[in-house]
Amino acid sequence: MNPLALMMFLISLAIGTTTTMLSHHWLLAWIGLEINTLALLPIMMKTPHPRAIEAATKYFLTQATASALMLFSCLINALQTGEWNINNPPNLMTTPLSLAIMMKLGLAPLHFWLPEVLQGTPLSTGLILSTWQKIPPMILLLQISPNINLTLTVIMGLTSILIGGWGGIGQTQLRKIMAFSSIGHLGWIILILKLNPQLSLFSFILYIIMTTAMFLSLIMLSTTKMSQISISWTKNPAMITTTMLILLSLAGLPPLTGFQPKLLIILELVKQNMIISATLTMLTSLLALFFYLRLTYIVTLTLSPSTHNSTITWRTSMKPQLSSAITSIMALTLLPLTPAILLT
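Residue numbers for the sequence shown, in mature numbering (1 follows the signal peptide of the UniProt record, and there is no 0): -16 to -1, 1 to 328.
(1) Which same chain residues end up closer than 8 Å to T208 when comparing Cβ atoms and leaving out the 5 residues on each side of it in sequence?
(2) Is the number of C-beta pairs between the segment 88 to 103 and the segment 59 to 71 that are closer than 8 Å three or more?
(3) Less than 8 Å between the beta carbons of S166 and T143, yes or no?
(4) Please report how far the alpha carbon of V138 lies from the alpha carbon of I145, in whole angstroms.
(5) Taking the alpha carbon of M(-16) as the reference point, which residue from H9, P32, L22 has its own alpha carbon closest?
(6) Within the same chain, show all residues whose beta-carbon is closer than 8 Å to that of Q103, passing over the 5 residues directly before and after it, in chain order.
(7) Do you know how far the Cα of S312 is from the Cα of P93?
(8) CB L17 to CB S(-5), shorter than 8 Å?
(9) Starting from L25, trace the alpha helix (DSSP H) in both directions and tell me its first and last residue.
(10) Leaving aside the five residues before and after residue 363 along the sequence, list all residues of the same chain whose C-beta is less than 7 Å from its C-beta, in chain order.
(11) In angstroms, rounded to a whole number, what distance separates the CA positions of M5 and L25?
(12) Tell me whether N257 is buried or exposed, calling it buried when 16 or more other Cβ atoms sit within 10 Å of its Cβ.
(13) Among residues of its own chain, excluding the 5 on either side of T109, which ones have a beta-carbon nearer than 6 Å to its beta-carbon?
(14) Between T268 and G149, is the Cβ-Cβ spacing less than 8 Å?
(15) Under the DSSP definition of a beta bridge, which residues are partnered with residue 329?
(16) In three-state terms, what does DSSP make of N220?
(17) My assumption, with CB atoms under 8 Å, is that G151 sits in contact with P99. Please give the rounded CB distance.
(18) Within this structure, are the beta carbons of Y191 and A235 separated by less than 8 Å?
(19) For N(-15), does the three-state DSSP call read helix, strand or coil?
(20) Measure the alpha-carbon distance for L285 versus T227 and round it to whole angstroms.
(21) Is the segment 229 to 244 touching the segment 117 to 133 in the sense that three or more CB pairs, one from each, lie closer than 8 Å?
(22) Please state if the CB of L319 and the CB of L248 are separated by a distance shorter than 8 Å.
(23) Kindly identify the DSSP beta-bridge partner or partners of N69.
(24) Does any heavy atom of the ligand HEM sit closer than 7 Å to the C-beta of L12?
(25) Need the endpoints of the alpha helix (DSSP H) that P120 sits in, please.
(26) Please state whether the Cβ-Cβ distance between L271 and I173 is less than 8 Å.
(27) Cα-Cα, which of M266, I260, I123, S216 is closest to A13?
(28) Quick one, which of L200, V283, S211 has its alpha-carbon nearest L306's?
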C-alpha cells in the first residue's frame, strides 16, 4: 500500500476514535465509529488476497448491522426523551443500544465475526483490530455504565469467558487463538462494568498492553501458526522466552501483570456478594488457562527434530524494536503497582 494512503487511513482511525471519545452526543459518537470502520477496511484489504477481502466483507457487514441497531436505538431514545445526550437516564432502548456496542466489541454470543476476520488479516492489522478498534465502543459502554442492565453484563461476561476458553482449545492458528483470547478478556471486563467502571477501564488498559505485546512478538517472529512458532527457538531464544512469559501473563498467572485485573475483579465480585458469579468465572477461565499453557509448552518445551547442533544463528537475525521491548516489560512487571493503583 502507498505510504501516503496508509498514513491517511491511520489518521482517519485516530480522528474517528477521538471523535467518539470526546462526544457527548449520540450522533457524533456514531459518526466517529463509522469513520473508524471505513478507515480500517482499506487497511484490511492492503494484501490483495481472497481471504483478506472475505475478512473485510465480514467485518463491514457486522459493523454495519451493529451501527444500524445503534442508530435505531438512538433515534427511538431521542423520540422518547427529546435528547441525544449519552448520559441520559435509563430507558427502553438502553439494552438494544448496549447489545449493538457489544456486537462491535465482539462479545459472545455476538462474537462469530471476530475469529474469522482476524484469521483473514495480517498480524499488523490484527493488532489494530484487537486493540485500537476496541477503544471507542468500550468508552461508550463506560459512559452508559450507570444505566446498563446488570443481568445483561453478567450473562454476556460469563458467556464470553466460556466461549473465549472453549473456542481457543482446538485452534492451531495463532490469530484465532488471539481472537478467542480477546473475547475472554473482554468478558472479564464487561462482567464488572456496572459494579465498578474504574476497574473495568483499568482492566481494559492492561488488556491492550498485553495484547499489543503478544502481537508485536508474533510480528517480530513472523509466525501465524503453532507449527511455525514451535521451531522459532533458533530464530531468537530471548524473544521466545519473552513470548512464553507474555502468554502466561495473558493466562493470568502470578507474579505477572495479567494476574492483577483478574484478582481485583474476583475481589469486586465477592465484595458485591456475587459468589456464584465469581465461582463460575474462575472455573470457566480454566479453559483459557489450558490453551495458554499448551501454547507455552509448544513454544518453549518442544524442539523441532530438524534442529541442528550448531550454536551459530543460521536464520535471518531480527533487529530489536523499542515498542516491543516497552510493551513486553509492561505486560510482565506491573503487578507490584497494584497497591498504588488501589490507593488512587
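Every residue, glycine too, gets a C-beta built ideally from N, C-alpha and C.
Quick answer:
(1) Walking along the sequence shown from the start, residue 208 turns up at place 224. Around T208: L107, Q157, L158, R159, L202.
(2) Segments in contact, no.
(3) Here residue 166 corresponds to residue number 182 of the sequence shown, with the count starting at 1. Here residue 143 corresponds to residue number 159 of the sequence shown, with the count starting at 1. Their beta carbons are not under 8 Å apart, which means S166 does not touch T143 by this criterion.
(4) On the sequence shown, position 154 is the one that residue 138 refers to. On the sequence shown, position 161 is the one that residue 145 refers to. Spanning the two alpha carbons is a distance of roughly 11 Å.
(5) For the purposes of this step, residue -16 is taken as the residue at position 1 of the sequence shown. Proximity to M(-16) across H9, P32, L22 peaks at P32, based on C-alpha coordinates.
(6) Here residue 103 is taken as the residue at index 119 of the sequence shown, counted from 1. The beta carbon of Q103 sits closer than 8 Å to the beta carbons of R35, A39, Q157, R159, K160, A163 from its chain, once the five residues preceding and following it are set aside; these are given in chain order.
(7) If you number the sequence shown from 1, residue 93 lands on position 109. If you number the sequence shown from 1, residue 312 lands on position 328. Here the C-alpha atom of P93 lies approximately 31 Å from the C-alpha atom of S312.
(8) Counted from its first residue, the sequence shown places residue 17 at position 33. Counted from its first residue, the sequence shown places residue -5 at position 12. The answer is no: Cβ separation not under 8 Å.
(9) Your numbering for residue 25 matches position 41 in the sequence shown. It spans 10 to 28 - the alpha helix (DSSP H) in which L25 sits, taken as one unbroken run.
(10) Outside the displayed range of the chain (-16 to 328) lies residue 363, so it cannot be described from this structure.
(11) What you label residue 5 is simply residue 21 of the sequence shown in a count that begins at 1. What you label residue 25 is simply residue 41 of the sequence shown in a count that begins at 1. So the alpha carbons of these two residues sit roughly 21 Å apart.
(12) Along the sequence shown, read from residue 1 onward, the residue named residue 257 stands at position 273. Exposed.
(13) Mapped onto the sequence shown, residue 109 falls at position 125. I27, M28.
(14) Locating residue 268 in the sequence shown gives position 284, where the first residue counts as 1. Locating residue 149 in the sequence shown gives position 165, where the first residue counts as 1. Cβ atoms of T268 and G149: closer than 8 Å.
(15) The structure shown does not extend to residue 329, since the chain spans only -16 to 328, so no value can be given for it.
(16) One-based indexing of the sequence shown puts residue 220 at position 236. N220: coil per DSSP, three-state reduction.
(17) Taking the first residue of the sequence shown as 1, we reach residue 151 at position 167. Taking the first residue of the sequence shown as 1, we reach residue 99 at position 115. The C-beta separation of G151 from P99 comes to about 7 Å, placing the pair in contact by the 8 Å criterion.
(18) The residue you call residue 191 lines up with position 207 of the sequence shown. The residue you call residue 235 lines up with position 251 of the sequence shown. Result no, Cβ atoms of Y191 and A235 do not sit closer than 8 Å.
(19) Position 2 of the sequence shown, counting from 1, holds the residue named residue -15. Coil, per DSSP.
(20) On the sequence shown, residue 285 is found 301 positions in, with the first residue counted as 1. On the sequence shown, residue 227 is found 243 positions in, with the first residue counted as 1. Taking the straight line from one Cα to the other gives about 13 Å.
(21) No, they do not touch.
(22) Counting from 1 along the sequence shown, the entry for residue 248 is found at position 264. Counting from 1 along the sequence shown, the entry for residue 319 is found at position 335. Contact flag unset, no.
(23) As a working mapping, residue 69 is identified with position 85 in the sequence shown. Note: N69 sits in a beta bridge opposite H9.
(24) As for the ligand HEM, it is missing from this structure, which has no ligand bound.
(25) One-based indexing of the sequence shown puts residue 120 at position 136. Membership of P120 in the alpha helix (DSSP H) is indicated by the continuous run 119 to 127.
(26) Mapped onto the sequence shown, residue 271 falls at position 287. Mapped onto the sequence shown, residue 173 falls at position 189. No. Outside cutoff.
(27) Counting from 1 along the sequence shown, the entry for residue 13 is found at position 29. That would be I123, whose Cα lies nearest to the Cα of A13.
(28) Indexing the sequence shown from 1 puts residue 306 at position 322. For L306, the closest C-alpha among the options L200, V283, S211 is that of L200.
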